[in-house]
Each structure stands twice: as structure tokens, then as C-alpha cells.
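First residue of the sequence shown? That's 20 in the working numbering, and the numbers climb one at a time after it.
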Amino acid sequence: MLKVFNTLSRKIEEFQPINGNRVNLFVCGPTVYDLSHIGHARTYIAYDIIVRYLRFKGYSLFYLMNITDVDDKIIKRARETNQHPLELANNFAQEFYKDLAFLGIKSINLFAKASEHIKEIIFQIDELIKKEYAYVVDGNVYFNVSKFKDYGKLSHQTKNELKRHRIEPDPKKKNKIDFSLWKSRKGKPVWKSPWGEGRPGWHIEDTAITLTYFGSQYDVHGGALELIFPHHEAEIAQAESMTGKKPLVKYWIHTGIVNVNGLKMSKSLGNFITIRDIAKKYNSEILRLFFAQSHYRSSIDFREDNLKKAGETLGNLNRIYKKIYDLLDKVSDDLQSEDEAVIKKIEEYEHKFYSAMDNDFNTPLAISALISLGKELDKRINETTCKGTLRLALESFDRFGSLLGLFEYKEWNRFEEKIVNELIKIIIKLREYLRKRKEWKISDEIRDKLNKMGISLEDNIDERN
Ligand SMILES: [Zn+2]
């Protein structure tokens, strides 16, 4: 039985999707005005593992992510660089997709850009005005927080606690904490609306997108911890006021923050690390292992020492993997008496791994099961282990690897790739030598065989005359 921690109830709950086996999952994507940083990497790796695990459990899961391509930060950056804001946003969205590919994240089914859902956003704002949850002031539209009595239920704040927040300083707002649905603006990008030209607020983008693809209620909403208030709180207010259906989201799952050497990451402190920076030094599996060694909800201190340790752990696991792999050719099919103990260990750690994952995706515990299994196998297997047992061990490694996104990058595979490349070069040289000696028959045969392997060689026809 799978259990998840729900920010809404602040409790561990049994995971039961709204619609049988189907799971609709939405995660807040980036605001694309710059390269993504390691905080983003942590969040998106965490949901990638969650999604991989839910699919492994048999859920038919649709993973939707928005891309915020309309935002004041984008407009500011575009002005500085003399670009159209949507063009700049599109360029950084492409960079974001490259980062995801580097991180081994292929689990997202659909990216939805805010700029491509303006019609849906306007429709939603219009409905909120009609139902008197929103009001217009000089072309701006605000959500009237006092009309939605559940405001604060996700961030667990009382009405008095909420009053302390200052959101947008417009003296014409009815309540200080009323938030923007539509901003009256000039300059690119703007869209026409019933309230005049302008652009949407940030929060309405998510609910317009989820309503379009998932309807009024769905299973899981994810994002980083710092998005709970006001962003996710506002989403609940907008959607539940408009549709009248509660709850908008059954399970709210939030990822913890990432610090760098004990300090909050910020551009002013100069400790801002992009995924590009880190990709120059470490492969993505080291990064994935490093992040997954902390629970997704806890905060992480990003230190290179720990990253190096994760690299050593991964190197050791890969060494054990290769040891098992190499033994496969040398051992017999006959079950030996020692095999039984190895098989038992594999079963024991499989059980530990899945129980950990079932308990609110406890990846640190799951990884320690993987490491312990590795140690046991390293100690117990040898030339007398039977083939079937080694296969079980490799299958186990592969399954854990596919859930965590590990063991896809295998050092020895790269090594073999290098050898193959060198051998091909030698064959081509040898063939040139044969051609010089006019050994056409054998050189043609080599060419044809290489061709069949997808390596095409072009010869100068005149040479033969
Ligand atoms: Zn969002």
C-alpha cells in the first residue's frame, strides 16, 4: 500500500486516485528567463522518481507541466537584451528541455505554455467576476480573498496570519492580500481582454491549464515548498470558487529547499549554481543519486564533498554491476547450495526497497537497501554462483536503476565504445593499404561488410584504372 504526505492535511495518507487507476499529476514548471539552477534540478528529479515509481506500481499516469513564459522577470530581461519577451522565453524553454534531457528526465507527457492558454485564462477570470469572487479596478482584475473562506487551508494560516502578507501594493484593492488575476499593462506581450489590454497574473495560468487538461479536480499537484503561499493557495481559491468543486487537488506534494554550503542560493550572494555549471563536472546519475539520498521533503545542503561521495557510491555500485555481468559468461547453470542465501538476500533487499518507496517515496532508505544489496552480492558471488542467480541480481539492479534513473550510463560501455571506434579506424587503414596493392576483391568485401553495419565508405572510382 502506497502512502504519501499530503501538505493539505499535513498527514501521511493512503494513496487512492480519484479515478481508479488513472493519475493526473501537475507540477509547476519554471519561469523561463534564465538557465535553470540546482534547486530546479532537485525538484524535477524528485517528481521524475515519484512518477517513475507510480507508473511502475501500475498507475496510468499523465504528467503535465506548465511553462511560465509570460512574467515580469522575462519582460525585464528581454528589455535588457533587446529581445521580444516571448522569443527570449522560448529560447530559455529550449534550454530547459536540454537540461531535462541531461538529467535523464523523460517522464513529462506535456508542457503547457501560459502564452498558449490566454483564451482559457480570460474565460476563467470572466467566470470569477460573474460569480463575484473577482473585481475590476482600472483594467486590473483582483481575486477577492475575503469571499473565499477556505483561504489559508493549504499553508495552514489563520486569517490574522494571512493579514501580515503584503502582496501587491495597489491602494484600490479591497483587501491587502487580494491577488492579481489580470494586470493592465502596455508593451509586449499584451493581449486584448474584456477589461482592456494586459497580461495574466501568475497563479491563474496554472488553474487555466489544469482545468483544460484535467477538469475541475485532479490527483496530484507538485512544486517546491516555497510555492505553497501564495501561489498554490491562490490556485485553490481560483479553481474551487469557479467550479464549486472541492478539493481542486487530492494530494499536494512539495519538495524541500536546496542550500549551497549552508546558505540560501541567491544571485546576490554569488552562490547560484546552474545545471549547466554542474554538468561540466559531474554526470547526471551522480546528481540524481546525490539528491535522492535525501528525502524529497527535507532540505538539502549542496556541498561538493557530498557530491563526490555520491560519485564514489555510484562508482562502487557500477563496479559490482560489472562484476556480476562479467561473471555471467563464466558460470554454470547449475544451482549450488550457496545460491539459496544469495537469492534470499536479493528478496530481502527488494522488499526493503519497495517498502521504503511505498512509504512516502523514501528514496534515502531505498538507496540504502540498494547499497546493502550491492555489498552482499560483492561478498557472496563468485565463479561458483549459478547463472540464474546472477541474472536475478542484475534484474534487481536494473529495476532499482530504472526507478531511480541510475546504471544507464555505464563506464565500461563507454570504454567498449572507444575500443570499437579504434578498431574501425584500424580496419579502414588496413583497407586503404589493400587498395594501394590493388587487392580489390578483399577491399570491396570489407567495404560491403562495413556498409551492412551502417558505416559507409566512399571510394574514388578512378583509382582502379
Ligand atoms: Zn505554478
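For glycine and all other residues, C-beta sits at the position ideal for the given N, C-alpha and C.
Residues in the same chain with beta-carbon distance under 6 Å from residue i, minus the five sequence neighbours each way, listed in chain order, please.
{"i": "Glu254", "result": "His222, Asp225 and Thr226"}
{"i": "Ser318", "result": "Gly275 and Ile276"}
{"i": "Ala258", "result": "Thr226 and Leu267"}
{"i": "Ile141", "result": "Ser212"}
{"i": "Glu146", "result": "Met261"}
{"i": "Leu413", "result": "Ile343"}
{"i": "Val164", "result": "Tyr170, Asn194, Ile196 and Asp197"}
{"i": "Phe24", "result": "Ile31 and Asp379"}
{"i": "Leu336", "result": "Gly393"}
{"i": "Arg316", "result": "Gly275"}
{"i": "Gly420", "result": "Phe426"}
Residues bridged to residue i by DSSP?
{"i": "Ile386", "result": "The partner list for Ile386 (beta bridge, DSSP) is empty, contrary to what the question assumes."}
{"i": "Glu33", "result": "Lys22"}
{"i": "Ala97", "result": "DSSP output for Ala97 lists no bridge partner at all."}
{"i": "Arg41", "result": "Asn38 and Ser79"}
{"i": "Ile86", "result": "Lys132"}
{"i": "Ala243", "result": "Thr274"}
{"i": "His56", "result": "Thr293"}
{"i": "Thr50", "result": "Thr87"}
Express the C-alpha separation of residue j and residue i in angstroms, rounding to a whole number.
{"i": "Gly281", "j": "Phe321", "result": "8 Å"}
{"i": "Leu73", "j": "Leu80", "result": "7 Å"}
{"i": "Gly242", "j": "Phe310", "result": "16 Å"}
{"i": "His250", "j": "Asp189", "result": "18 Å"}
{"i": "Lys132", "j": "Thr293", "result": "22 Å"}
{"i": "Asp504", "j": "Phe111", "result": "Outside the displayed range of the chain (20 to 484) lies residue 504, so it cannot be described from this structure."}
{"i": "Lys264", "j": "Leu122", "result": "37 Å"}
{"i": "Ser303", "j": "Leu83", "result": "23 Å"}
{"i": "Ser235", "j": "Gly220", "result": "20 Å"}
{"i": "Lys30", "j": "Cys47", "result": "22 Å"}
{"i": "Leu422", "j": "Leu409", "result": "20 Å"}
{"i": "Lys448", "j": "Lys457", "result": "14 Å"}
{"i": "Val156", "j": "Lys191", "result": "7 Å"}
{"i": "Leu326", "j": "Thr177", "result": "40 Å"}
{"i": "Lys455", "j": "Asn479", "result": "12 Å"}
{"i": "Glu367", "j": "Gln312", "result": "20 Å"}
{"i": "Ala65", "j": "Val439", "result": "36 Å"}
{"i": "Phe115", "j": "Thr62", "result": "13 Å"}
{"i": "Gly206", "j": "Ile86", "result": "21 Å"}
{"i": "Phe291", "j": "Ala298", "result": "14 Å"}
{"i": "Val239", "j": "Ile228", "result": "14 Å"}
{"i": "Ile148", "j": "Tyr154", "result": "6 Å"}
{"i": "Ile94", "j": "Asn109", "result": "13 Å"}
{"i": "Ile390", "j": "Lys437", "result": "29 Å"}
{"i": "Thr100", "j": "Phe248", "result": "31 Å"}
{"i": "Ile400", "j": "Arg418", "result": "19 Å"}
{"i": "Glu323", "j": "Lys300", "result": "10 Å"}
{"i": "Gln35", "j": "Leu44", "result": "13 Å"}
{"i": "His136", "j": "Ile144", "result": "13 Å"}
{"i": "Ile37", "j": "Ile474", "result": "53 Å"}
Could you pull out every residue in the same chain whose Cβ sits closer than 7 Å to the Cβ of residue i, ignoring the five residues on either side in sequence?
{"i": "Lys371", "result": "Ala388"}
{"i": "Lys202", "result": "Asn159, Gly217, Arg218 and Gly220"}
{"i": "Lys92", "result": "Thr50 and Tyr52"}
{"i": "Glu33", "result": "Met20 and Lys22"}
{"i": "Ser126", "result": "Asp67, Val70, Arg71 and Tyr82"}
{"i": "Arg362", "result": "With the sequence shown as reference, residue 362 is identified as Ile, and Arg is not the correct amino acid for it. Cβ neighbours of Ile362 beyond the five flanking positions: Thr408 and Leu411."}
{"i": "His103", "result": "Ala97 and Lys207"}
{"i": "Ala329", "result": "Ile305, Leu308, Phe309 and Gln312"}
{"i": "Ala383", "result": "For clarity, residue 383 is Pro in the given sequence; the question names Ala instead. If we look at Pro383 and ignore the five residues flanking it on each side, its Cβ neighbours are Gln312, Ser313 and His314."}
{"i": "Arg41", "result": "Ser79"}
{"i": "Leu453", "result": "Ile461 and Ser462"}
{"i": "Leu105", "result": "Asp88, Ser134 and Pro208"}
By Cβ distance below 8 Å, which residues in the same chain neighbour residue i in space, the five residues on each side in sequence not counted?
{"i": "Leu129", "result": "Phe81, Tyr82, Leu83, Met84 and Tyr232"}
{"i": "Arg450", "result": "Ser462, Ile465, Arg466 and Leu476"}
{"i": "Cys405", "result": "Val350, Ser351, Asp352, Asp353, Leu354, Gln355 and Asp358"}
{"i": "Asn278", "result": "Met284, Ser318, Ile319, Asp320 and Phe321"}
Would the C-beta of residue i count as close to ligand 2, meaning under 7 Å from any of its heavy atoms?
{"i": "Asn110", "result": "Ligand 2 is absent from the structure shown, which contains only ligand 1."}
Closer than 5 Å between the C-beta and any heavy atom of ligand 1: which residues qualify, listed along the chain? Cys47 and Asp225
What alpha helix (DSSP H) runs, 4 residues minimum, are completely inside the stretch 339-391? 358-377
Threshold first: 4 residues or longer. Then list the alpha helix (DSSP H) segments lying entirely within the stretch 129-170, N to C. 137-149
Ignoring anything shorter than 4 residues, give me the alpha helix (DSSP H) runs that lie fully in the stretch 197-240, in order along the chain. 221-233
Which ranges would you report for the beta strand (DSSP E) in the stretch 257-344 if only whole runs of at least 3 residues count? 268-274, 277-279 and 319-321
Where are the alpha helix (DSSP H) runs, 4 residues long or more, that stay fully inside the stretch 415-467, in chain order? Along the stretch 415-467, the alpha helix (DSSP H) occurs as fully enclosed runs of 4 or more residues at 430-455, listed in sequence order.
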